[in-house]
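Residue numbers (the working numbering), protein chains in the order written: chain A, 6 to 251; chain B, 6 to 251.
Encoded structure:
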């Protein structure tokens, strides 16, 4: 499968385009300084010794587990990741502080290569998101991180969560690719997402070098549902340039 | 109602942001030159004497009538404006040529003030579309006309057509404004659209100076469902600057 036949790039966002771990861990520490914790634990100890990276991973795992469960049901009650994030958040802080901290998911920092690479990709393809995030969150993130999306497709606009098939089929249909699904490529750092995209006959591009996300097996074998492997978005932009330059 | 309480601007697009009439009339003439008409009418006469502005208005009216009808039904069959445009198009040309001409709706030319004004508005508000157009069409238009949308909400993502209430309520909910609908403003050159937006408690901004769209009554009275009147998007950007500058 070659980029030559692709016209639309759909990007996973959390972990693939933005670095949730450092963004959120830093925000937790800053929040703790500004809004001391109501728990009896010693505030200083929480700042010095508490593993906020692990706390962040726990928060993120809660989101992954819940969206995966909801993806099987088609999300009939229209729950958003903003609600999941808030529900998963430990109740150590009061509601206002939790809201403030939760808002940090709206302004995650991109990986260093992301913004420049997306700008270059935007010259060759229609580029957008296919994310389990919700629209308001993605709009905030695109504005704060200057992500140059042509379109934003989200779980709350499409009515379910990845890896539910209807996320991929709706995204293809809305870009008029339902008869030519291979012209739509999913760009993601998650194997489960790419496996579902391939089940729906999309082209699949694995971003292998995101330290917080999935890696290829140690023996270097590439699962057969992956068409293209790149280390990061910069490598994808270079590949596009080499493949598609006139 | 003041811009001070608005955080999201939802824009109508056809007629409000882009000039469909001159774009399409020009495309019709160019298409006729490149793909002579199959009808027995004299080709030269069609080029010289035929009123392509009227033809374009007729094409546009077909779209207006059909979307208005479908808006009452909630568009159960998921018809897009691309399909409506094709169906409305006179069968004088073969399918390939009709497809080519229809594609011109994807690259309509903005009014002279639109792009610069939208860039300025994007500094103050989340700006996006709330249009009866479909997503693939709007993405093509945003890319060709360099419209700096933060988000694109369309009839096919929201599942109906304006002025169906669910278009406005869904747009508000997706931007987390369902509890504060007045923080969402509809910007449109069409009275029916603004009337529906006000019924859903949005702020309403009438763009009064688009020659192909609605005007205020000659006696200068402003209907009570309109909060703010501007001549064009440039005047709206100046108003935002004056109202919101620190």
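In this text, a Cβ means the ideal position worked out from N, Cα and C, and glycines have one as well. Since the model is a prediction, treat every value here as computed from it, not as a measurement.
Check: Can you tell me whether residue 15/B is helix, strand or coil according to DSSP?; Outcome: strand
Check: Using DSSP with H/G/I as helix, E/B as strand and the rest coil, what is residue 192/A?; Outcome: strand
Check: When you compare only the Cα positions, how much space is there between residue 194/B and residue 125/B?; Outcome: 19 Å
Check: Return the CA-CA distance between residue 170/B and residue 55/A, expressed in angstroms with no decimal places.; Outcome: 49 Å
Check: Which bits of chain A does residue 156/B rub up against, with CB to CB less than 7 Å?; Outcome: 140, 144 and 157
Check: Any idea if residue 151/A is buried or exposed, counting beta-carbon neighbours within 10 angstroms, 16 or more meaning buried?; Outcome: exposed
Check: Would you call the region 117 to 135 of chain B and the region 231 to 241 of chain B in contact, with 3 or more CB pairs under 8 Å?; Outcome: yes
Check: Counting only Cβ pairs nearer than 9 Å, list the residues of chain B close to residue 148/A.; Outcome: 127, 131 and 155
Check: Have a look at residue 71/B and residue 89/B and give me their C-alpha separation to the nearest angstrom.; Outcome: 7 Å
Check: Below 6 Å CB to CB, which residues in the same chain sit around residue 67/A once its five sequence neighbours on both sides are set aside?; Outcome: 93
Check: Quick check on residue 67/B: does DSSP put it in helix, strand or coil?; Outcome: helix
Check: Using the C-alpha atoms, what's the distance from residue 227/B back to residue 191/A?; Outcome: 49 Å
Check: Can you tell me which of 99/A, 81/A and 249/A puts its alpha carbon nearest to the alpha carbon of residue 36/A?; Outcome: 99/A
Check: Does the region 134 to 144 of chain A touch the region 16 to 26 of chain A, meaning 3 or more C-beta pairs lie closer than 8 Å?; Outcome: yes
Check: Using three-state DSSP, classify residue 186/B as helix, strand or coil.; Outcome: helix
Check: Rounded to whole angstroms, how far is the Cβ of residue 162/B from the Cβ of residue 140/B, which I believe are closer than 8 Å?; Outcome: 6 Å
Check: Below 8 Å on the Cβ atoms is my guess for residue 155/B versus residue 144/A; work out the distance and round it to an integer in Å.; Outcome: 5 Å
Check: Hey, residue 58/A and residue 116/A: beta-carbon distance below 7 Å or not?; Outcome: no
Check: Under 7 Å, do residue 199/A and residue 231/A count as touching if we go by C-beta distance?; Outcome: yes
Check: Using a Cβ-Cβ cut-off of less than 9 Å, give me the residues of the region 179 to 192 of chain B that come near chain A, in sequence order.; Outcome: 179, 180, 181 and 182
Check: In chain A, which residues lie less than 7 Å from residue 232/B when you measure between Cβ atoms?; Outcome: The premise fails here: residue 232/B is roughly 23 Å from chain A at the closest Cβ pair, so nothing lies under 7 Å.
Check: Between residue 244/B and the rest of its own chain, which residues show a CB-CB distance below 8 Å, the 5 nearest in sequence each way excluded?; Outcome: 8, 233 and 235
Check: How would you label residue 87/B, buried or exposed, when you count the other beta carbons within 10 angstroms and need 16 or more for buried?; Outcome: buried
Check: Under the DSSP definition of a beta bridge, which residues are partnered with residue 210/A?; Outcome: 192/A and 233/A
Check: Starting from the Cα of residue 11/A, find the closest Cα among 180/A, 146/A, 197/A and 148/A and give me that residue.; Outcome: 180/A
Check: Going by DSSP, what residues sit across from residue 133/A in a beta bridge?; Outcome: 15/A and 156/A
Check: Quick one, which of 51/B, 189/B and 101/B has its alpha-carbon nearest residue 202/B's?; Outcome: 189/B
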